[in-house]
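Protein chains in written order, with my numbering: chain A, 1 to 392; chain B, 393 to 745.
Working notes, beginning with the structure itself.
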C-alpha cells in the first residue's frame, strides 16, 4: 500500500468519525456510549486505561490514560548509587530486562571515561540480543492471543523458555539479570554455553518458521490485521515512534546500525528489516523477521567472540565525575535512552529515562479514531507496549 | 448376561405399561442427566486434554485417574463461589437468563434418536424442531446481556444476537439438502434412509449423507461453530476485547450454567450432525428393527458424535477470531449462496436419478 492510499484511507476514516460525531449530536439518534477499557482489561496487558467514546461499535475518540503503574524510577535513582540503579531499571521493560541496563551503563561509562574491554562489549551485545528474542517472541504469541487464537501463545512461552535458560546460565537471573557493570560485566560465560546457545538459536529459527506459517499465513489473522491501524511514516515520526513500529512504516532507522554506541553490532553482518505497509500486519511481520535476524547476530557474535578481560579498571567505590551524558540504544520495544546528570556524588543528580512504549502509545488517540472495537485490540497489541515501559 | 435375558429385559422395559406422566418424567429425567454428562465429557476430553496436548501444556493429572475428576472439582469450586447480582441488574431476568440457555439445550436432546426405540419424542418435524429450539438460546443470551447492566455485557449480547440470527439461515439451508435426499424431516427416518440408501446404485455402505452432502456438512459445521460462539466466531464472548461479553457479570453456579449450556449444545449439535450426515445410531448392515440396536445404538452414536465434536473443537483451538463485519460477510455473501446452490444441485440430482 503506498502513501497515497494510506492518506486516502485516513481521510475516509476521519470523515467516518466526523459523521459519527455528528450523529451523536442529533437528538433523534441514540446516545453514544463511553466505554472504559481498563485499567483491568486483558487487552491492556497491565494497567493501561483507555477511555473510548463509541457510536455503536465505532470509536469516535479514544484517549489513553497512563500512570496507574507509575513507580517513580526516575526519582528513585536519585537515592541509589550507580551500581544499585541497574537493579531498579531492570524492571522497566520486564520482558527484556537486560536491554534496560545497557544504555544506562553506557551513559555512566561515558561520564567516567571508562571503556569496557571488547569481550565485555561482545557479551553485552549477545545478552542484549537474547533479551530481544525473549521479549519479542512473547509478542509473537501475545498478538495471536489478542486476536483470539489461544495456541500460539503457549508455543511462544515454550520456546522462550530456552532463551531464558541461556540468560539464566550466564547471569543467574531469568527475568532480572542485573548483570551489567560499569566498566564491563559481572562474570564470564560459563563453560559450554556457546554451543548450547547456538543450538537454542536454531530452535528459535524453527519457532519463527513455525509462526510464519501458523500465524502470518492464517487467512483470518491477515483479514484482521491488514489495513488496520495504518501509520504513515511522517505521522509516525512526528509522534516519536521508534523500533519496529516505525520500521513497519517503511522508515529505515535502527539505532543498532545508526546509533553511535560502542556495542558490537558493526562487527557482524546483518540486515535491518522494514515493511512499506505500516499496518498491524507489517508490525508483526517486522518483529518476526527481527527475531530471526537476532539469532543470526548472536551466532556471529559467538563465533567471533574476542578473548581478554571482561572488566576494565574501575575504582572500588564508583563516583561519577560531574557532567552530563546521554546514551540511547535500540531496545526490543524501540529507542530507549538515559540522560544522566551527575554532580560528582555517589548517586546521580537526575536521570531522565526515555522509554519506547511511552512514545509509541502517544499515537493511539490519532490511530484509534474511527476504528471498530475489535480493532482497538489489534492496534494496541500490534503497537506492543509494556506497562512498566510506559509508566516507569 | 445372555442376549436372551437382555432381550427380555429391554422388551419388558419397553412394553411396561406406565402412566403417560410417569414415562414422560422418566424420559425428561434421563435427558436432564444426559446434558451435564455430555458437557462434562466434552469438557474433559477436548477442553482439558486435547487442548492441552495441542498447546504443549500438561493438562490436569492429579484429580482422579488422568485428571478425570478435575471438572467435578471445578464444579464444586463454582458451587462455593459467591452468587453476585450487580447492583443495577434486573434481578429476575438476570437469574432467568442462564436457565433459558440451558432449557434451549435441553429441548434439542428430546428429539435426537439413539436407537430404534431409544428416543424421547419421535416428531415428524424432528429436524425442524431441533433447529427451532436451538435458536431459543439467543433469547437467554440477550437477556443476560441486557440484565447485567454492563456495557461489555450489552455489547456481547447484541453481537451474539446479530451473529446467531445471521447463522440460523445457513444452518437451516445446509440441512435442506439432507431433507431433500431423505425425503423426510423425521430424524429417525433420516437415519434409516441413510442405512438403506444407495450411492448411484451401490449400497455397500448405505448412503451416509456426508458423502453426497459434503458441502452441506461443511456449511453445517461452520454455522454450528458460529451458533456455539466458539472461535473463530467467538466475538460475543471475546475475552480479549469485551472480557467475556454477556457472561462478564455471572459468577458461581450461574456461570456454570452458561458453561454447561455451551458444551451441552456443542454435544447436541455434534449429535445432530452425526444423525444427519454420518448415519446416526445405525450401521448400514443388519436389521435396523433389531432390539440390540437399542443398546448398541447409543454407543455407535456416541462414537460418531465424538468424531464430529473433534472437528468442532479442533477449529476452536486453532483459529483466531474474525471481526463482526467479516463474520456477517462470510454468512451472507458466502455460506448462504453456497447452500442455495447446494440445494439446487441436490434437487436436480434427486429428480434426475
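Just so it is clear, CB atoms sit at the ideal spot from N, CA and C, and this is done for glycine as well.
In this structure, residue 522 of chain B sits away from residue 495 of chain B, with a CB-CB distance that is not shorter than 8 Å. In this structure, residue 517 of chain B keeps its C-beta atom at 8 Å or more from the C-beta atom of residue 556 of chain B. Residue 90 of chain A carries a coil assignment under DSSP once its states are collapsed to helix, strand and coil. The alpha helix (DSSP H) runs of length 4 or more contained entirely in the region 250 to 290 of chain A are, from start to end of the chain, 255 to 258. Contact between the region 708 to 719 of chain B and the region 145 to 161 of chain A is present: 3 or more CB-CB pairs across the two stretches fall below 8 Å. Distance from the CA of residue 512 of chain B to the CA of residue 674 of chain B, rounded to the nearest whole angstrom, comes to 17 Å.
Within the region 79 to 156 of chain A, the complete alpha helix (DSSP H) segments at least 4 residues long are 82 to 89, 97 to 112 and 118 to 146, listed from N- to C-terminus.
Closest option to residue 61 of chain A, judged by alpha-carbon separation, among A:53, A:68 and A:67: A:53. Residue environment: residue 266 of chain A is assigned as exposed (fewer than 16 neighbouring CB atoms within 10 Å of its CB, all protein chains considered).
In chain order, 124, 128, 180 and 329 place their CB closer than 7 Å to the CB of residue 102 of chain A, counting only its own chain and leaving out the 5 sequence neighbours on each side. Here DSSP, grouped into helix, strand and coil, assigns residue 378 of chain A to helix. Judged by DSSP in its simplified three-state form, residue 645 of chain B adopts helix. Proximity of chain A to residue 446 of chain B at the Cβ level (cut-off 7 Å) is accounted for by 151, in chain order. Close partners of residue 415 of chain B in chain A (Cβ separation under 7 Å) are lacking, with about 44 Å as the shortest Cβ gap. Within the region 212 to 230 of chain A, contact with chain B at the beta-carbon level (separation under 7 Å) is assigned to 218, 220, 221, 223 and 224. Proximity of the region 297 to 305 of chain A to the region 319 to 329 of chain A falls short of the contact definition, fewer than three beta-carbon pairs being nearer than 8 Å.
For residue 325 of chain A, DSSP records a beta bridge to A:340. In this structure, the straight-line span from the alpha carbon of residue 80 of chain A to that of residue 451 of chain B is close to 45 Å. Counting the other Cβ atoms within 10 Å of the Cβ of residue 338 of chain A gives 16 or more, which makes it buried.
In this structure, residue 728 of chain B places its C-beta atom within 8 Å of the C-beta atom of residue 565 of chain B. Residue pairing by DSSP places residue 184 of chain A opposite A:181 and A:311 in a beta bridge. Annotation for residue 433 of chain B: the continuous alpha helix (DSSP H) segment containing it runs 412 to 434. Under DSSP, residue 679 of chain B forms no beta bridge with any residue.
For a Cβ distance threshold of 8 Å, residue set 547, 633 and 634 of chain B lies close to residue 373 of chain A, ordered along the chain.
For residue 42 of chain A, a Cβ of chain B is located within less than 8 Å of the residue's own Cβ.
Residue pairing by DSSP places residue 331 of chain A opposite A:334 in a beta bridge. Annotation: residue 719 of chain B to residue 475 of chain B spans about 34 Å, alpha carbon to alpha carbon. In chain order, 481, 482, 485, 486 and 489 place their CB closer than 7 Å to the CB of residue 539 of chain B, counting only its own chain and leaving out the 5 sequence neighbours on each side. Closer than 8 Å to the CB of residue 711 of chain B there is at least one CB belonging to chain A. Residues of the region 55 to 83 of chain A with a C-beta less than 8 Å from any C-beta of chain B: 57, listed in chain order.
Taken through DSSP and simplified to helix, strand or coil, residue 55 of chain A comes out as strand. Taking the beta carbon of residue 158 of chain A as reference, the chain B residues within 8 Å of it are 448, listed in sequence order. Closest option to residue 257 of chain A, judged by alpha-carbon separation, among A:229, A:203, A:331 and A:218: A:331.
Every unbroken stretch of the alpha helix (DSSP H) spanning 4 or more residues and falling wholly within the region 691 to 734 of chain B is given here in chain order: 716 to 721. For residue 599 of chain B, there is no enclosing beta strand (DSSP E), since its DSSP letter is neither H nor E. With 16 or more other CB atoms across the displayed protein chains lying within 10 angstroms of its CB, residue 599 of chain B is buried.
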